[in-house]
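One structure is given below, encoded as structure tokens.
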Amino acid sequence: MGKLRRVEDELAECIDELIAGEGDLVKYTSRYPEHREELLALVKLVASLPRLPEDSGPSADWVQQTQEAILKHLP
Amino acid sequence: MEGAAVPHGALVGTRQWSDREAFAALYEEHVQRVYRHVYYFLGSHPEAEDITAQTFLQAWSAIGRYEDRGKPILSWLLTVAHNLILSRVRKKRRESPLHDGIPATARFTSPEEAYFAEWQQEEMAKAILKLKPSERQVILFRFIDNMDYPEVAGLLNKSVNAIRVIQYRALRNLRALLEEREDGKAEAR
Chain A
10 MGKLRRVEDE LAECIDELIA GEGDLVKYTS RYPEHREELL ALVKLVASLP RLPEDSGPSA
70 DWVQQTQEAI LKHLP
Chain D
681 MEGAAVPHGA LVGTRQWSDR EAFAALYEEH VQRVYRHVYY FLGSHPEAED ITAQTFLQAW
741 SAIGRYEDRG KPILSWLLTV AHNLILSRVR KKRRESPLHD GIPATARFTS PEEAYFAEWQ
801 QEEMAKAILK LKPSERQVIL FRFIDNMDYP EVAGLLNKSV NAIRVIQYRA LRNLRALLEE
861 REDGKAEAR
């Protein structure tokens, strides 16, 4: 594994732990001081991603009717 | 999450998708996820219904090409859906140049709050649409569908570590895209 890939792996792990609220920001930013700003920005970015409400799926009726309509189209 | 427990692509390699029965199974397995991803970008149920139905119809007509490539089926379906979303957004932009074509889905108490949230959501959606397909899918599965790494790895037929790295690169690229848009707007002001 190349050095770049190893650093990416470790930073990816930092992000995971920080997102999960389990990571120690001071530990990570002292290990990777050159990535401090990036780590903080990425954690903030994840927090700002708009979430979909749980009920944003299709209705059961629509799923059924559309399946029938699509299958009718097929040869 | 609905559909997540179904072993994705379980039928790949053992059945031909060009068989009606198999195609019906494919629809049942993936329709929820395709719909939710379309809804995330368009914010309208009638449009999500339309684009999702079109996705499966197009998938049927191009199914031979899928079988030749051997790419995970959900990933391929989402790419078809993504192309349809982009066409829809461009069409809306042509018809209404003042609107970017991506509405906000949330409702807010004050006009200022609504404006800011809508602006933020539009910017984010547009930036996510510009990511590479694998990066976009990982971001949506992980943070919009709240799936864990093993689930995403199973769906995209990759290792957990590969998904972790794709996620990291996707977030980095997303940040760069958002900053570019910000810089572009600042220069225009």
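First to last, the protein sequences are chains A and D.
Note that the first sequence covers residues 10 to 84 in the working numbering.
Note that the second sequence covers residues 681 to 869 in the working numbering.
Backbone N, C-alpha and C define an ideal beta-carbon position, used for all residues, glycine too.
Nothing here was measured: the structure is a model prediction, and the numbers come from that model.
Task: Supposed close pair leucine 820 of chain D, histidine 717 of chain D - CB separation, criterion 8 Å - done: 6 Å
Open item on the list: When you compare the CB of threonine 75 of chain A with every CB in chain D, is at least one pair closer than 8 Å?
Closed with: So, interface residue.
Task: Near-chain D residues of the region 13-37 of chain A (beta-carbon distance less than 8 Å), N- to C-terminal order - done: Considering only beta carbons, the part of the region 13-37 of chain A lying closer than 8 Å to chain D consists of Arg14, Glu17, Asp18, Leu20, Ala21, Glu22, Ile24 and Asp25, in chain order.
TODO: Locate the alpha helix (DSSP H) running through threonine 39 of chain A, then write down its first and last residues.
DONE: First, the amino acid is wrong: residue 39 of chain A is serine here, not threonine. Looking at the DSSP string, the run of the alpha helix (DSSP H) that includes serine 39 of chain A is 34-40.
Task: Reduced DSSP category for glutamate 22 of chain A - H, G, I as helix; E, B as strand; rest coil - done: helix
- [ ] Can you have a look at glutamate 862 of chain D and say buried or exposed, based on whether 16 or more other CB atoms are within 10 angstroms of its CB?
- [x] exposed
Task: Where alanine 50 of chain A meets chain D, residues with beta-carbon distance less than 7 Å - done: In chain order: Arg855.
TODO: Assign arginine 774 of chain D to one of three DSSP states: helix, strand, or coil.
DONE: helix
Task: Burial state of isoleucine 765 of chain D (16 or more Cβ within 10 Å) - done: buried
Task: chain D contact residues for proline 67 of chain A, given Cβ-Cβ distances below 8 Å - done: Val711, Gln712, Tyr715, His725, Ala728, Glu729 and Thr732
Task: Neighbourhood of tyrosine 715 of chain D by C-beta distance below 7 Å, restricted to the same chain and skipping five residues each side - done: Ala728 and Thr732
Open item on the list: Using a 10 Å radius around the Cβ and a threshold of 16 neighbouring Cβ atoms, would you call glycine 864 of chain D buried or exposed?
Closed with: exposed
Task: Cβ contact check for the region 40-53 of chain A and the region 62-69 of chain A: 3 or more pairs under 8 Å - done: The answer is no - the region 62-69 of chain A does not touch the region 40-53 of chain A, with fewer than three Cβ pairs under 8 Å.
Open item on the list: With the cut-off set at 8 Å, would you say glutamine 801 of chain D and proline 59 of chain A are in Cβ contact?
Closed with: Yes, these two residues count as a Cβ contact at 8 Å.
Open item on the list: If you reduce the DSSP assignment to three classes, tell me which class aspartate 863 of chain D lands in.
Closed with: Three-state DSSP puts aspartate 863 of chain D in a helix.
Open item on the list: Taking CB distances under 8 Å as the criterion, tell me whether proline 59 of chain A reaches chain D.
Closed with: yes
TODO: Note down the Cα distance separating serine 814 of chain D from glutamine 738 of chain D, rounded to an integer number of angstroms.
DONE: 20 Å
Open item on the list: Contact criterion: CB-CB distance below 8 Å. Does histidine 82 of chain A meet it with respect to chain D?
Closed with: yes
Open item on the list: Let me see if you follow: with CB-CB separation under 8 Å, is threonine 694 of chain D close to chain A or not?
Closed with: Legend: pLDDT at threonine 694 of chain D = 39, less than 50; position of this residue unreliable, no value from coordinates given.
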